[in-house]
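Protein chains in written order, with the working numbering: chain A, 16 to 354; chain B, 16 to 354.
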């Protein structure tokens, strides 16, 4: 009898194992069967899914499920949905941004061409819906599908706002935060919500987990803004200073324009309007003003405020202490990873 | 008592009223509420939906519903789904084809720009799913959604095959017919299937109506191939000869290459490979060979075979005679309209 008991884990120790979850996500992505012919349609989808990344969104689905039910293994197939959708947006965003690199590798429209990037992205979005339908119980499907559609639309709205901002001379901090909420944060919120919904959570818990995801997402985007300028090229996998070259209205630029004196404003406006320039010279000049105005420190501060607000919200979700701890530690590990 | 009876229509005369159905479809499209901000995301969707067209696909949904249940009015909101999806594909296809005109009006990527066309198309696909979810009973939703995803993927596959064909020197008739089946016919089949499913039809009837739609769709595409070369510019609303300029592998070209003698083959190959040319000269030269080889007559013949096969399939669907008649007449009216 003792032998048998030795194999049964005690429920209080069934903690969330990050490495197992990560491995299960990677395995599910590798095993994705999307289609074969024409190869031009399916190879780009497998390609962009294989480029890696943190797989943060499916991990948040699993964590949402675990937080409310104590298990996550059976949710892995469903969790891939948010990673598929995220990669679909990357594929099309890269076309719109004319980005040459994604995670250090050629983007789909560079490796193939723009038409293939457009069409394989369309197919990928349809496959995302199909995957959702095939891996979510029928009882939850309508509610989850409705929320997924809302989230997907919000992400499109955020991307359109971001593109609009590139044409504007000035964007307010309020408009900027509204944009990154839509473009980045709602999908993280939805990922946690999806997991909680699959785990049968109360609407109070679902709402709090969603809001936790929103705060995290805004914080992560502020971090991304900083990494574009201050990140290490090898680690970052994108063009360093790409946001400066493209006149992206990031937190850093908006904050700098808020704090700049007349001369600094004139110089920033010069770089925002000049048509022909040496990229590195522009990056160095704008970065120099950022440094004079200490906007990196401001970004750090506001980013940390979002993270703290997120943890306060998480604490209100009514989770068991060790499950709160698991979600807290995961978020912290992401926050620390790229510093 | 006689007065009261006078207001009650006798059931046997509740025929399908095409004009009412058409008006109901247009009204439902006009009333579509998709979203407001950012306007760059939603205006293009309303624009392309407002460009008109035959609205053949939603009409087929209503006809499928009517054929199996005798009523169609309550199905109008759901029927719009296939028109939304169709217009989404047109929006993105026009980007891929660099088409300047759609139904005689500037295409979305010309009126706005390519990025807006890409992103508003993405949003439109998501809105299509949302619309489907909001207007289909929960009992049928999973089955219908699964078939919609399959159909949408097939349409993408067909479009990719079509793009691949542009790069090839030769395409067989078999490959061509497989391509137009996917790119055009499956959505017509699905439209009838959707209506029949909503009307609670047997799987035998659903299958026959789907197959009828497939045959019609292949016939219509053959007609479209002919209209590109032989259509009247004002009626057609697209560039006449656009397929010839773009080296599209249409039925006419493939058939001409099958029948051509050595000299005609050399001339066709010259026009297929020449990089710089006067568009009208190329159109006239290729058309001249088509005329020598009577490929328009061949296209007419095979098109009529598909229509006949479609009507045979429709006759096997087990519909009441007056309902068979209604679907037959609708198809005939479309076939005759553009001759």
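Idealized CB from N, CA, C, for every residue including glycine.
Coarse secondary structure for residue i, derived from DSSP in three states
i	result
residue 53/B	coil
residue 120/A	strand
residue 265/B	coil
residue 256/B	coil
residue 102/B	helix
residue 239/A	helix
residue 128/B	coil
residue 228/B	helix
residue 28/A	Here residue 28/A scores only 47 on pLDDT, less than 50, and its place in the model should not be relied on; the value that follows carries that caveat. Three-state result, residue 28/A: helix.
residue 92/B	helix
residue 46/B	coil
residue 68/B	coil
residue 247/B	coil
residue 215/B	coil
residue 82/B	helix
residue 114/A	coil
residue 187/A	coil
residue 23/A	In this predicted model, residue 23/A has a pLDDT of only 41, less than 50, meaning its place in the structure is not dependable enough to derive any value.
residue 16/B	Confidence in residue 16/B is poor, its pLDDT being 38 and thus under 50, which makes the residue's placement too unreliable to answer from.
Listed by chain order, chain B residues near residue i by CB distance under 9 Å
i	result
residue 118/A	What residue 118/A touches in chain B: nothing, since even the nearest Cβ is about 21 Å away.
residue 110/A	129, 130, 133
Chain-ordered neighbours of residue i on chain A, where CB pairs are closer than 8 Å
i	result
residue 107/B	133, 134, 137
Residues that residue i contacts on chain B, provided the C-beta gap is smaller than 8 Å
i	result
residue 64/A	Within 8 Å Cβ-Cβ: nothing; residue 64/A doesn't reach chain B, min ~16 Å.
residue 153/A	157
residue 148/A	157, 160, 161, 164
Neighbour list for residue i in chain A, Cβ cutoff strictly below 9 Å
i	result
residue 142/B	164, 168
Contacts of residue i in chain A (Cβ-Cβ under 7 Å)
i	result
residue 145/B	164
CB contact below 8 Å: residue i versus chain E
i	result
residue 115/B	Among the protein chains of the structure shown, namely A and B, there is no chain E.
Touch test, the stretch 144-159 of chain A against the stretch 101-111 of chain A, Cβ-Cβ under 8 Å, three pairs minimum: no
Inside the stretch 151-185 of chain B only - beta strand (DSSP E) runs reaching at least 3 residues: Complete beta strand (DSSP E) runs here, min 3: none at all.
Entirely enclosed alpha helix (DSSP H) segments - the stretch 270-337 of chain B, minimum 4 residues: You should have 277-288, 294-308, 310-330.
Segment contact, 8 Å Cβ cut-off, at least three pairs: the stretch 32-39 of chain A with the stretch 109-116 of chain A: no
Given 8 Å, three or more beta-carbon pairs between the stretch 196-216 of chain B and the stretch 273-287 of chain B: no
Residues in the stretch 32-60 of chain B having any Cβ partner in chain A nearer than 8 Å: Look at the stretch 32-60 of chain B: the residues with a C-beta under 8 Å from a C-beta of chain A are 50, 52, 53, 55, 56.
Near-chain A residues of the stretch 167-196 of chain B - C-beta to any C-beta below 7 Å: Correct list: 167, 168, 171, 172, 174, 175, 176, 178, 179.
Cβ pair count under 8 Å reaching 3, the stretch 51-69 of chain A against the stretch 121-131 of chain A: yes
Inter-stretch contact (C-beta, 8 Å, three-pair minimum) for the stretch 305-322 of chain B and the stretch 331-343 of chain B: no
Touching by the beta-carbon criterion (3+ pairs, under 8 Å), the stretch 88-96 of chain B and the stretch 207-222 of chain B: yes
The stretch 229-240 of chain B in contact with the stretch 181-200 of chain B per 3-pair CB rule at 8 Å: yes
The stretch 323-337 of chain B touching the stretch 290-307 of chain B, judged by at least three CB pairs closer than 8 Å: no
Inter-stretch contact (C-beta, 8 Å, three-pair minimum) for the stretch 70-83 of chain A and the stretch 136-156 of chain A: They do not touch, by the three-pair rule.
Three-pair Cβ contact test at 8 Å for the stretch 222-230 of chain A versus the stretch 326-333 of chain A: yes
At least three beta-carbon pairs within less than 8 Å, the stretch 40-57 of chain A to the stretch 168-180 of chain B: yes
Cβ contact check for the stretch 271-286 of chain A and the stretch 318-326 of chain A: 3 or more pairs under 8 Å: no
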